[in-house]
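Here the numbering used here = 1-based position in the sequence shown + 942.
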Amino acid sequence: MSINLLLTSVLVMSPLLVNADETLPMQDIQQARSLVKAFGSDLKSVLITTMKTAGPIKALEVCNTQAGAIAEKNSALSAWNIARTSLKVRNTSNAPDVWEATILRQFEIRKAAGEDINTMEHSEVVQVGEKTVLRYMKAIPTGGLCLACHGSKLADDVSNKVNALYPNDQATGFKLGDIRGAFTLQKIKL
């Protein structure tokens, strides 16, 4: 590992070490993993079906109108708040908070060090004001199908639709195997 990568790793992780009170109990990690799997499966199923039957323009519309509802449906099944975030967001309401941005940068460092994105996750217990919050993130790898709407060479009609739905879009230019973003979960510790 180069000295620059090592120093960057230490700097990125420093705030986490200061704020981390404890690790998540295994039952909470397992529940978070299960919720991510369900949410990811629900969202992917809708998007793949739409891509195959109606193409990327319709898939963009479905993602725009249904992704939030799918997250809310899965959140309602537990005490966890479930969402997606990225360092390059499409929908500005999904912008990462400071903790999420730190973890996303840490994920990039871990990827550069050779870690498999498919199993990349992070969890910890943090203090937010007076509340103790359980936080969990799972990296989202960029798959082949993602590139139709998130790649560096979008079809003109797809690019036009992205710009119409998301005027502040930053979520293009991804390559196969990049970290597209992460599922992010949090709940108040009781």
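Quick reminder that beta carbons are idealized off the backbone N, C-alpha and C, glycines included.
In the pairwise beta carbon analysis, the segment 990-1000 is classified as not touching the segment 1110-1127: fewer than three pairs are separated by under 8 angstroms. Taking C-beta atoms as the reference points, Val1004 and Thr992 count as a pair closer than 8 angstroms. With a cut-off of 8 angstroms on Cβ pairs, the segment 1087-1107 is not in contact with the segment 1063-1075, counting fewer than three such pairs. Taking 8 angstroms as the cut-off, the Cβ atoms of Ile1024 and Asn1016 count as close. At the C-beta level, Thr1061 and Gly1123 stay beyond 8 angstroms of one another.
Under a 10 Å Cβ-count criterion, Thr1126 is classified as buried, with 16 or more other Cβ atoms of the shown protein chains found around its own Cβ. No Cβ-Cβ contact shorter than 8 angstroms links Pro1038 with Ile1059. Here Ile1130 is not near Lys1080, since their CB atoms are 8 angstroms or more apart. In this structure, the CA atom of Ile990 is about 17 angstroms from the CA atom of Ala1013.
Counting along the chain, Gln1128 sits inside the beta strand (DSSP E) bounded by residues 1121-1130.
Distance from the Cα of Gln969 is smallest, within the candidate group Gly1086, Phe1116, Tyr1078, for Tyr1078.
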